[in-house]
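Number of protein chains: 2
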Amino acid sequence: MKTMKKERLSEMAAKEIKAYMKERHLKEGDKLPPVSELMETLGIGRSTLREALQLLESRGALQVLNGKGTFVKDIKPFHIQTSIEIDNKKDFLLEALEVRKALEGKAVDLAVVHASDTEVNRMQTHLNRYVEALKNNEREKANAADADFHQTIYQATKNELLKSIIDSVWDSFYEFWNEPFGVEDIFDTSYPYHETLLQAIKERDSEKAAAAFQQIMESVRSSIENI
Amino acid sequence: MKTMKKERLSEMAAKEIKAYMKERHLKEGDKLPPVSELMETLGIGRSTLREALQLLESRGALQVLNGKGTFVKDIKPFHIQTSIEIDNKKDFLLEALEVRKALEGKAVDLAVVHASDTEVNRMQTHLNRYVEALKNNEREKANAADADFHQTIYQATKNELLKSIIDSVWDSFYEFWNEPFGVEDIFDTSYPYHETLLQAIKERDSEKAAAAFQQIMESVRSSIENI
DNA sequence: TCTAGCCTTTCATACAGCATGATAGTATGA
DNA sequence: TCATACTATCATGCTGTATGAAAGGCTAGA
Chain A
1 MKTMKKERLS EMAAKEIKAY MKERHLKEGD KLPPVSELME TLGIGRSTLR
51 EALQLLESRG ALQVLNGKGT FVKDIKPFHI QTSIEIDNKK DFLLEALEVR
101 KALEGKAVDL AVVHASDTEV NRMQTHLNRY VEALKNNERE KANAADADFH
151 QTIYQATKNE LLKSIIDSVW DSFYEFWNEP FGVEDIFDTS YPYHETLLQA
201 IKERDSEKAA AAFQQIMESV RSSIENI
Chain B
1 MKTMKKERLS EMAAKEIKAY MKERHLKEGD KLPPVSELME TLGIGRSTLR
51 EALQLLESRG ALQVLNGKGT FVKDIKPFHI QTSIEIDNKK DFLLEALEVR
101 KALEGKAVDL AVVHASDTEV NRMQTHLNRY VEALKNNERE KANAADADFH
151 QTIYQATKNE LLKSIIDSVW DSFYEFWNEP FGVEDIFDTS YPYHETLLQA
201 IKERDSEKAA AAFQQIMESV RSSIENI
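Chains A and B, in that order, give the protein sequences.
So the first sequence is numbered by our numbering: it starts at 1 and just counts up by one.
So the second sequence is numbered by our numbering: it starts at 1 and just counts up by one.
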């Protein structure tokens, strides 16, 4: 005899809901039926259903908003939860920097190999936006463009796990980094290497890319040191 | 006025429970008070409490067993969830391998610099256990010793964030890897490089260490390819 | 003396009903 | 015209009740 059912009802319901989403090809932002309805169609009680929904929410697959409804958020294969407690900001940032070096260095390496032409073009676009914003002294825009630039690189690795981990390390990194530097500094110390990096990716030159990336990280390091 | 409470009650409760665990220095395997009791001490309803517990469970911090109680499982700051079934095991393992190369490569690099004498000795001990187990054809013991060996290296980096990320990547890696190879293969292809790696750490030779580590990863790669 | 069967205790699991609160759209009235 | 009040829709949260799983203890029959 096979192992009998032992799984919790809420987990079964979660799978059911996921199957439902897949079946109806629900995309990000789409709305799920209200709880009362799901309750009936799945034939389970409300608290059980809520547990199932919460399970999916904690995995980042759903987002449930009070008074509005339940919405599809994400269908990524990985979800990373962090609960990092830090006592020393600077130490944490330095630790995180080492991790970023490893992870993003690998990403650059993979991007050199796997980036498609479209992706390279997209990087160029973001980099142009970046330099434009720096020239106009628009800090917010510059940061956004920079993030997009890096995102595109990580996308180009074609490695979902790597990308997910980098994303969450970024999140915790920037949570504790209130960018202590002025635009001019970035323009001088960091921007030129971005340009070199992109060039290297275009030329599929992994050594050049690695060197440029190390320079970027070095400028971040000195920013941290000067906190 | 400050931002009023917007957080969900269940999340607040989850934090409260976590604080409770920390406060009482609960270790892995310890038992939490039963729901009925927690319900009262936290002053919340049962369904809310259940949601809080489930939240912690989905993070891997707790394990709740029907008819027995709620138990502390783990207090890791970094947790990777693989949301659905991975459709292609091999692809996932290859992706994870790239991440491991980046992360653990960095760890080896840091360990060469920061490992204390005690840590180096500990590595040696674990490695001895490892080879012993291999000789006696004891698969289980060999794996445990191997894990301990690597753990000690990551410990020696003195980088908590790096260590916790590596830990969770390991967890998801081994969840999908049912080690398809025999002990003899390991003895030939993988073990010698472990010895070289340790030598390199002892000699504080980062290049040699990096090379040995790459060899180990290479042997893992070919194991994966042959699945 | 041993042990299978039954009870009890301790817990989690699940359901149903009810009250509250958030959000958004719509109607009302000065 | 525009703010205010009403209302529908949905999630949030609490409680009473009952079901079910695990473990330990008790008792009767071999």
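We put the CB at the ideal spot given by N, CA and C, even for glycine.
*asked:* Taking the alpha carbon of Tyr130 (chain B) as the reference point, which residue from B:Phe149, B:Ser116, B:Trp177 and B:Tyr20 has its own alpha carbon closest?
replied: Here residue 130 (chain B) corresponds to residue number 130 of the second sequence, with the count starting at 1. Selected option, being the one with the closest Cα: B:Phe149.
*Give the straight-line distance between the Cα atoms of Glu195 (chain B) and Val120 (chain B), rounded to the nearest whole angstrom.*
Locating residue 195 (chain B) in the second sequence gives position 195, where the first residue counts as 1. Locating residue 120 (chain B) in the second sequence gives position 120, where the first residue counts as 1. Straight-line Cα distance between these residues: approximately 12 Å.
*asked:* Suppose only complete runs of 3+ residues qualify. What are the beta strand (DSSP E) ranges in the segment 76-139 of chain B, listed by chain order?
replied: Residue ranges of uninterrupted beta strand (DSSP E) with 3 or more members, entirely inside the segment 76-139 of chain B and ordered along the chain, are 78-82.
_Using a Cβ distance threshold of 8 Å, determine whether the segment 61-78 of chain A contacts the segment 46-66 of chain B, with at least three qualifying pairs required._
Touching, no.
*Anything in chain B within Cβ reach of Glu85 (chain A), meaning under 8 Å, just list it in chain order.*
Locating residue 85 (chain A) in the first sequence gives position 85, where the first residue counts as 1. Those are Pro77, listed as they occur along chain B.
*Straight-line Cα distance separating Lys89 (chain B) from Ser222 (chain B)*: Here the question's residue 222 (chain B) lines up with position 222 in the second sequence. Here the question's residue 89 (chain B) lines up with position 89 in the second sequence. Linking Ser222 (chain B) to Lys89 (chain B) through their CA atoms gives a straight-line distance of about 15 Å.
*Measure the C-alpha to C-alpha separation of Asn137 (chain A) and Tyr191 (chain A) and round it to an integer number of angstroms.*
Sequence index remark: in the first sequence, residue 137 (chain A) carries index 137 (1-based). Sequence index remark: in the first sequence, residue 191 (chain A) carries index 191 (1-based). If you take the alpha carbons of Asn137 (chain A) and Tyr191 (chain A), they lie about 14 Å apart.
*Report yes if the CB atom of Ser172 (chain A) is closer than 8 Å to the CB atom of Thr82 (chain A), and no otherwise.*
Within the first sequence, residue 172 (chain A) is the residue found at index 172, counting from 1. Within the first sequence, residue 82 (chain A) is the residue found at index 82, counting from 1. Yes, these two residues count as a Cβ contact at 8 Å.
*Measuring only between beta-carbons, confirm whether Gly43 (chain A) sits less than 8 Å from chain B.*
Residue mapping note: residue 43 (chain A) aligns to position 43 of the first sequence, counting from 1. It does not; no Cβ of chain B falls within 8 Å.
*If you pair each beta-carbon of the segment 200-215 of chain A with each one of the segment 8-25 of chain B, do three or more pairs fall below 8 Å?*
Counting Cβ pairs under 8 Å, fewer than three are found: no touch.
*Alpha carbon to alpha carbon, how far is Glu57 (chain B) from Ile44 (chain B)?*
The sequence position of residue 57 (chain B) within the second sequence is 57, counting from 1. The sequence position of residue 44 (chain B) within the second sequence is 44, counting from 1. When only Cα atoms are considered, Glu57 (chain B) and Ile44 (chain B) end up about 18 Å apart.
*What is the residue span of the beta strand (DSSP E) that Thr41 (chain A) lies within?*
To locate residue 41 (chain A), count along the first sequence from 1; it is residue 41. From DSSP, Thr41 (chain A) is part of no beta strand (DSSP E) but of the alpha helix (DSSP H) over Val35 to Leu42.
*Local conformation of Glu16 (chain B) per DSSP, three classes*: Position 16 of the second sequence, counted from the start, is the residue given in the question as residue 16 (chain B). Helix at Glu16 (chain B).
*Excluding five sequence neighbours on each side, which residues of the same chain lie with their C-beta closer than 6 Å to the C-beta of Met4 (chain B)?*
To locate residue 4 (chain B), count along the second sequence from 1; it is residue 4. Below a pLDDT of 50, predicted positions are generally treated as unreliable, and Met4 (chain B), at 44, falls in that range; no measurement from the model is reported.
_Distance CB(Arg100 (chain A))-CB(Val35 (chain A)) smaller than 8 Å_ = Taking the first sequence and counting its residues from 1, one reaches residue 100 (chain A) at position 100. Taking the first sequence and counting its residues from 1, one reaches residue 35 (chain A) at position 35. It is not a contact, given that the beta carbons lie outside the stated cut-off.
*Taking 8 Å as the cut-off, decide whether the C-beta atoms of Tyr154 (chain A) and Ile166 (chain A) are in contact.*
As a first step, residue 154 (chain A) must be located in the first sequence, where it is residue number 154. As a first step, residue 166 (chain A) must be located in the first sequence, where it is residue number 166. A contact, by the Cβ cut-off of 8 Å.
*Would you mind working out which of B:Glu28, B:Leu197 and B:Leu97 sits nearest Gln63 (chain B), comparing C-alpha positions?*
Taking the first residue of the second sequence as position 1, residue 63 (chain B) is located at position 63. Minimum Cα distance to Gln63 (chain B) is reached at B:Glu28.
*Should Glu104 (chain A) be labelled buried (16 or more other beta-carbon atoms within 10 Å of its own) or exposed?*
Looking up residue 104 (chain A) in the first sequence gives position 104. Counting of Cβ neighbours within 10 angstroms places Glu104 (chain A) among the buried residues, the total reaching 16 or more.
*Are any of the Cβ atoms in chain A nearer than 8 Å to that of Leu162 (chain B)?*
Taking the second sequence and counting its residues from 1, the one referred to as residue 162 (chain B) is at position 162. By this cut-off, Leu162 (chain B) is an interface position.
_Does Lys208 (chain A) come out as helix, strand or coil in the three-state DSSP assignment?_
Sequence index remark: in the first sequence, residue 208 (chain A) carries index 208 (1-based). Three-state DSSP puts Lys208 (chain A) in a helix.
*Grab me the residues of Thr48 (chain B)'s own chain with a C-beta within less than 7 Å of its C-beta, minus the 5 sequence neighbours each way, in chain order.*
If you number the second sequence from 1, residue 48 (chain B) lands on position 48. Only Leu9, Ser10 and Ala13 meet the Cβ criterion.
*Note down the Cα distance separating Met1 (chain A) from Leu134 (chain B), rounded to an integer number of angstroms.*
Taking the first residue of the first sequence as 1, we reach residue 1 (chain A) at position 1. Taking the first residue of the second sequence as 1, we reach residue 134 (chain B) at position 134. Residue placement at Met1 (chain A) is poorly supported in this model, since its pLDDT is 33, which falls under 50; the coordinates are not used for a value here.
*Consider the Cβ of Ile227 (chain A): report whether some Cβ of chain B lies at a distance smaller than 8 Å.*
Translated into the one-based positions of the first sequence, residue 227 (chain A) becomes position 227. Nearest CB-CB separation between Ile227 (chain A) and chain B: not below the 8 Å threshold.
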